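Take a look at the structure set out below.
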Amino acid sequence: MPTPPTASTAVPPHWGTTVRTISIQLAAAVVIGGAAHLAPGLVVPPLLAIVLAMALSPVARWLEGKGLPPLGSSLICTAGIGAILALIISLLAYEAGELFRQLIGNLDRISTLIAAALRRAGVVTAAATPEFWSVTLSELIRTSLDWTVRRLGGLLGVVAGAIFLLLSLFFLLRRRDAWAGRAFRLADWLGLRRDPEVVKATRNRVASYLGILSVIAASYTVLISLVFWAIGLPNPILWGALTGLLEFIPIFGPLISGSLATLGSLASGTLWKPALVATIFIILHTIEGYILWPIVFGKTIQSDQVTILLGILFFGWLLGPLGPVLGLPLVIILRGLTALTPGTPALDALVAAEDAAD
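Start counting the sequence shown at 0; every next residue gets the next number (numbering that gives the first Met the number 0).
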């Protein structure tokens, strides 16, 4: 009669492979995370290139299906991203300069309006004086500019990062099949499951997320531009473009854009315009938070909102200003790696959305 297995012999299948796989992943995460935190300018462009390559692969294949060679499709996709980057950098630089000039030029007026509103609300502390708000806003502007310039590495760092990003994107698109083969061989060596369906689903989620978000950002750009133009506020197109760009920072981007737009409209010297701008942003972001995110993004990303929030905060801390932009795509990619890692079904169920887990 065979002897029943003891507790020490009841080892899960591929236990050694699972331990090696998870150990290598943790070690790689520590190394990459340390490098990203110490030198984000060297790590962020390749990560962004990987995310864009995943999103643009269907576009490149469609162009090749129309008769273009891989070199031509890669060049067109890279040139398109380059044009968008140039437009974004130009808009942000101009908008930042205009906003800075308006805030500095109208700092006393804005401080007086805020102090008057607080006094009407019954506040009698030092916070209800124009001098307090003048000093506070000046310090906030200076600190924000210093932090942004330091994290981005100045103008030279931005240009160098953009060139590095475009070169990485071009080579990833040009040799995407070769890179996919290398990735599968690396996955075999790490002990990951070779599951093309999981890889395809992860790529489609990244592409769908960026596609839907681009449509929403474009809609916000048009809508906010029309609103600012209709009520007579300066630079309506630039404010619309800034609002659309900040949509790529989930959760926090809409809060930043709404706050900046309301603060900028205070320079008009009236209270009804800032109140109207704040009301419009509250309505838009309420619709976004209660309809678009649960219905559209929830089914696309298939991750719990707490996981999304933690991912945005973590990658924002790790990678700097572009970290929140990369946060959600990286969460999607990490969840795909979790699904391919043997022995981690509990972790995959933990980070999944409720409907996906069911």
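All C-beta atoms in this analysis are idealised placements derived from N, C-alpha and C, irrespective of residue type, glycine included. Just so we're clear, the structure is a prediction, and the values are computed from it rather than from any experiment.
Residue environment: S167 is assigned as buried (16 or more neighbouring CB atoms within 10 Å of its CB, all protein chains considered). Residue environment for G180: exposed (fewer than 16 other C-beta atoms within 10 angstroms of its C-beta). Annotated as distal: I307 and P253, with beta-carbon spacing of 8 Å or more. Assigned with DSSP and collapsed to three states, A216 falls in helix. Across the set A114, L333 and V157, the C-alpha of V157 shows the shortest separation from the C-alpha of L41. Between R202 and G66, the alpha-carbon positions lie close to 24 Å from each other.
Here P235 carries a helix assignment [DSSP, helix/strand/coil]. Counting the other Cβ atoms within 10 Å of the Cβ of P57 gives fewer than 16, which makes it exposed.
In the structure shown, D107 adopts helical secondary structure according to DSSP, grouped into three states. In terms of Cβ geometry, L55 and L139 do not form a close pair [threshold 8 Å].
Between the segment 67-75 and the segment 221-230, the count of C-beta pairs closer than 8 Å stays below three; the two stretches do not touch. In this chain, the alpha helix (DSSP H) harbouring I307 covers Q304 to L318. About 6 Å separates the CB atoms of L51 and I80; that is less than 8 Å, so the two are in contact. According to the DSSP assignment, F280 belongs to the alpha helix (DSSP H) that extends over W271 to I286. Taking the CA atoms as reference points, G310 sits about 17 Å from P293. P253: member of the alpha helix (DSSP H) spanning F251 to S264, first to last residue. C-alpha of L327 to C-alpha of L86: approximately 23 Å in a straight line. Within the same chain, Cβ atoms closer than 8 Å to the Cβ of W178 are found at L171, the five residues on either side in sequence being excluded.
Secondary structure of P68 (DSSP, three-state): coil.
When only Cα atoms are considered, V43 and L321 end up about 8 Å apart.
With contact defined as three or more Cβ pairs closer than 8 Å, the segment 226-244 and the segment 259-275 are in contact. Around the beta carbon of I331, 16 or more other beta carbons lie within 10 angstroms, which makes this residue buried. Cβ neighbours of A82 within its own chain (closer than 7 Å, five residues either side excluded): none.
Here L265 really is in contact with L112; their C-beta atoms are around 6 Å apart, less than 8 Å. In this structure, the straight-line span from the alpha carbon of I49 to that of P69 is close to 17 Å. Nearest C-alpha to E246 among A216, T124, A59 and F169: A216.
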